[in-house]
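Chains A and B are the protein sequences, given in the same order. Residue numbering for the first sequence follows our numbering, beginning at 1292 and increasing consecutively. Residue numbering for the second sequence follows our numbering, beginning at 5 and increasing consecutively. In this text, a Cβ means the ideal position worked out from N, Cα and C, and glycines have one as well.
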Amino acid sequence: GAVVSQHPSWVICKSGTSVKIECRSLDFQATTMFWYRQFPKQSLMLMATSNEGSKATYEQGVEKDKFLINHASLTLSTLTVTSAHPEDSSFYICSARADSTYEQYFGPGTRLTVT
Amino acid sequence: AQTVTQSQPEMSVQEAETVTLSCTYDTSESNYYLFWYKQPPSRQMILVIRQEAYKQQNATENRFSVNFQKAAKSFSLKISDSQLGDTAMYFCAFMKPDLPGNTPLVFGKGTRLSVIA
């Protein structure tokens, strides 16, 4: 199956700093990418949907100025957590979908800890 | 809006036995896709099985099969000959294919399955 990578796999940062998470589709072109947040023992919560070359669509309650998403190419999307706070600590997962398919492939996730 | 309900937060099964995980959903759509994903302790999401709503035949993938009841809006997952490696969180998911490529998955809250030796 198709492979999606995420980098870094885990990151620790200080409160007030910004962190960038990369999501790459390695062997296919991802027209659409999704960013999820997952708290321990809970389900995935959709944060935003991004299409290559256009602005991301954020879910209700997700601050677009805090969680900056850039889908600059068909193989790369980035999520930047700006001015991170301890409550932003979570597991972030990206997924990618190829054009005109319903198959969605997930990255391995990034564990963010804000101290 | 579509909703997905998994009413069993936790389940356990003896190795080699069979277990069924429940999932119900609510939608007014006639065409859609349903999925079961597995999330082991590594937290990598893995697609277990998928079902197209227009197909009457239940999907099967080796030891995994579904019981899709469209009228009842039910989509249960049966795991046969359970193995220790099946221990994971299982998520049921719904997708409406109105805009191919753009529609997100709607997930249930998950069922934590433990396979006991």
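{"Asked": "May I have the straight-line CA-CA distance separating Gly-1398 of chain A from Cys-27 of chain B, to the nearest angstrom?", "Found": "24 Å"}
{"Asked": "For the beta strand (DSSP E) that Gln-55 of chain B lies in, which residues bound it at each end?", "Found": "50-56"}
{"Asked": "Would you check if the stretch 16-34 of chain B and the stretch 76-86 of chain B touch, i.e. whether three or more CB-CB distances between them fall below 8 Å?", "Found": "yes"}
{"Asked": "Taking Cβ-Cβ distances shorter than 7 Å, what residues in chain B pair up with Gln-1320 of chain A?", "Found": "What Gln-1320 of chain A touches in chain B: nothing, since even the nearest Cβ is about 11 Å away."}
{"Asked": "Hey, does Gln-55 of chain B have any beta-carbon neighbour from chain A nearer than 8 Å?", "Found": "no"}
{"Asked": "Please confirm whether Thr-164 of chain B and Lys-113 of chain B have their CB atoms less than 8 Å apart.", "Found": "Nothing about residue 164 of chain B can be reported from this structure: the residues present for chain B run from 5 to 121 only."}
{"Asked": "Compare the C-beta of Leu-1335 of chain A with all C-beta atoms of chain B and state if any pair is closer than 8 Å.", "Found": "yes"}
{"Asked": "Looking at the C-beta of Thr-1401 of chain A, does it have a partner C-beta in chain B at a distance below 8 Å?", "Found": "no"}
{"Asked": "Output yes or no for whether 8 Å exceeds the beta carbon distance between Gln-1297 of chain A and Glu-1313 of chain A.", "Found": "yes"}
{"Asked": "What are the residues of the stretch 1358-1383 of chain A that lie near chain B, defined by any Cβ-Cβ distance shorter than 7 Å?", "Found": "Phe-1382"}
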